[in-house]
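Chains as they are written, first to last, in UniProt numbering: chain F, 1 to 222; chain C, 1 to 222.
Since the structure comes first, as structure tokens, the remarks are kept for the end.
Protein chains: 2
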Amino acid sequence: MSHPALAVTVDLVVLTVRAGALHVLLVERGEEPFLGRWALPGGFVRPDEDLPGAASRELQEETGLPRGLVHLEQVATYGAPDRDPRQRVVTVCYLALAPDLPVPRAGTDAADARWAPVADLPDLAFDHDVLLADAVERARAKLEYTPLATAFCPPEFTVAELRRVYEAVWGTTLDARNFHRKVTGAAGFLEPTGGTTTRDGGRPATLFRRGPATTLHPPLLR
Amino acid sequence: MSHPALAVTVDLVVLTVRAGALHVLLVERGEEPFLGRWALPGGFVRPDEDLPGAASRELQEETGLPRGLVHLEQVATYGAPDRDPRQRVVTVCYLALAPDLPVPRAGTDAADARWAPVADLPDLAFDHDVLLADAVERARAKLEYTPLATAFCPPEFTVAELRRVYEAVWGTTLDARNFHRKVTGAAGFLEPTGGTTTRDGGRPATLFRRGPATTLHPPLLR
DNA sequence: CCAAAAGTGTTACTCGTACACCCATGA
DNA sequence: TCATGGGTGTACGAGTAACACTTTTGG
Chain F
1 MSHPALAVTV DLVVLTVRAG ALHVLLVERG EEPFLGRWAL PGGFVRPDED LPGAASRELQ
61 EETGLPRGLV HLEQVATYGA PDRDPRQRVV TVCYLALAPD LPVPRAGTDA ADARWAPVAD
121 LPDLAFDHDV LLADAVERAR AKLEYTPLAT AFCPPEFTVA ELRRVYEAVW GTTLDARNFH
181 RKVTGAAGFL EPTGGTTTRD GGRPATLFRR GPATTLHPPL LR
Chain C
1 MSHPALAVTV DLVVLTVRAG ALHVLLVERG EEPFLGRWAL PGGFVRPDED LPGAASRELQ
61 EETGLPRGLV HLEQVATYGA PDRDPRQRVV TVCYLALAPD LPVPRAGTDA ADARWAPVAD
121 LPDLAFDHDV LLADAVERAR AKLEYTPLAT AFCPPEFTVA ELRRVYEAVW GTTLDARNFH
181 RKVTGAAGFL EPTGGTTTRD GGRPATLFRR GPATTLHPPL LR
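Okay, here's the thing in structure tokens:
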């Protein structure tokens, strides 16, 4: 049977929380088109790998993180005929949530790489501003009803650190006392490690790790 | 630049409510592989059309409905290397919600077509059981916080008809009186047309059309 | 009149929010 | 002892669930 063949790529929206603000990993393009412009990391899907595998491989190539430590989920697929001026490219966009990482190294075909604050972005190559906006909205929505915010935290964290993640992603301020009750009361969300820390000053705060829950009951509201 | 070329298809999960139960449009395959097995309708993306355009065209070819009358949204993309035994195929799955339609005609490359109850399905070709399950779960979730249930209704409908949609999609029963208060109280969900009908028997019911709201405040809960 | 479905009123309970208040540490 | 953030108690209002009750039609 005959059929049109298209190029298929995977693009990544890698988010982290740094200095109280949501940041995204961008790479500077080292070739045409959009030479010198900032873009989302990504690359072609290889013939022998599936879509999550391609996303995971690209993520490792860009961040150097071991696979499996970072939350990774598919967001949407974009395939307008003119979105790449060279050829027809359909791209599957993945969202990755990572704890605060060292400044990334440049990838194989990228001139440079950096964390950019989502609130103050440069013009992006291709339709990557749309991909990014959709992925950020997905992340914001998922914080409400899943324990995904813990993906931004180190293995052990305090309730205040978790709250600052929510405040950074949602761009709001939350009542620290009600937030504490809600997250510690949601079954399976947080497990105390037994330890405490005073790294935030004041009274020692209980340290938690992520619990087994996959959804939050009741959900946290923006 | 060199890159691997893949086939890209669009598959459709077309849902409707018939006889109080959720149904999906299936086609019988007229060629190998999976000859004679039931599958989701779909086809290759053409070089000159975007993804929503391909989904809309396939939908029209399978149902004969004019474009734009049916809700259509992307669900997810599937690309395991072995999901089609002939060749590498990446498929973008779309969800369509339609009012009760006449029995569909067979498409161009389908031997037959029918509405199948989602609660009692045959074995499907390829990984279409997964695509279907993901799309149905998306539809169920969206009824909670969007006015999407109206996409299953004719242009003018009663609150009871809308309630039977929710009951069919969720597989639950709902309190008719509380449901009435909730949907008529949600701003922008329903607009009275001024007319009434007794087609359900009993006291005449007010007829409504879909309102301008895109999200429901407060949401309806399962 | 009776059955059936539409639509309203009422009550008890749950949950989110706001905020007063106390606790445990470092300086 | 004071400042700082951690954590608890409590009261008020909004929203939900359960269900008694009234309304308006067809037969």
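The beta-carbon is built from N, C-alpha and C at its ideal position, and this holds for glycine as well.
Since this is a predicted model, take the numbers as computed values, not measurements.
In the three-state scheme derived from DSSP, where H, G and I count as helix and E and B as strand, residue 91(F) is classed as strand. Ranked by Cα distance from residue 93(C), the options 187(C), 10(C), 212(C) are led by 10(C).
Against chain F, a Cβ distance below 8 Å from residue 88(C) picks out 47. Where residue 44(F) is concerned, the enclosing beta strand (DSSP E) starts and stops at 42-44. Within chain C, the residues 8, 45, 50, 51, 92 have their CB atoms less than 8 Å from the CB of residue 79(F), given in chain order. Residue contact check for residue 76(F) against chain C: a CB pair falls below 9 Å. DSSP links residue 206(F) through a beta bridge to 196(F).
Scanning chain F for C-beta atoms nearer than 7 Å to the C-beta of residue 125(C) yields nothing, as the closest lies near 15 Å away.
Secondary structure note for residue 23(C): its beta strand (DSSP E) is the uninterrupted segment 21-29.
Beta-bridge partners assigned by DSSP to residue 115(C): 25(C).
For a cut-off of 8 Å, the C-beta gap from residue 116(C) to residue 23(C) is around 6 Å, short enough to register as a contact. Taking one beta carbon from each stretch, the segment 63-74 of chain C and the segment 203-218 of chain F have fewer than 3 pairs nearer than 8 Å; the two do not touch. In this structure, the alpha-carbon of residue 41(F) lies about 14 Å from that of residue 65(F).
Between the segment 45-55 of chain F and the segment 138-151 of chain F, the count of C-beta pairs closer than 8 Å stays below three; the two stretches do not touch. With contacts defined as CB atoms closer than 9 Å, residue 80(F) and residue 127(F) qualify as a contacting pair. Around residue 85(C), the same chain offers 33 as residues with beta carbons nearer than 7 Å, after the five sequence neighbours per side are excluded.
In this chain, the beta strand (DSSP E) harbouring residue 77(C) covers 71-78. Looking at the backbone, the Cα of residue 5(F) and that of residue 87(C) are separated by about 11 Å. In this structure, residue 144(F) and residue 222(F) form a Cβ contact; the two beta carbons are roughly 6 Å apart against a cut-off of 8 Å. Below the 9 Å Cβ cutoff, chain C contributes no neighbours of residue 147(F), its closest Cβ being approximately 18 Å away.
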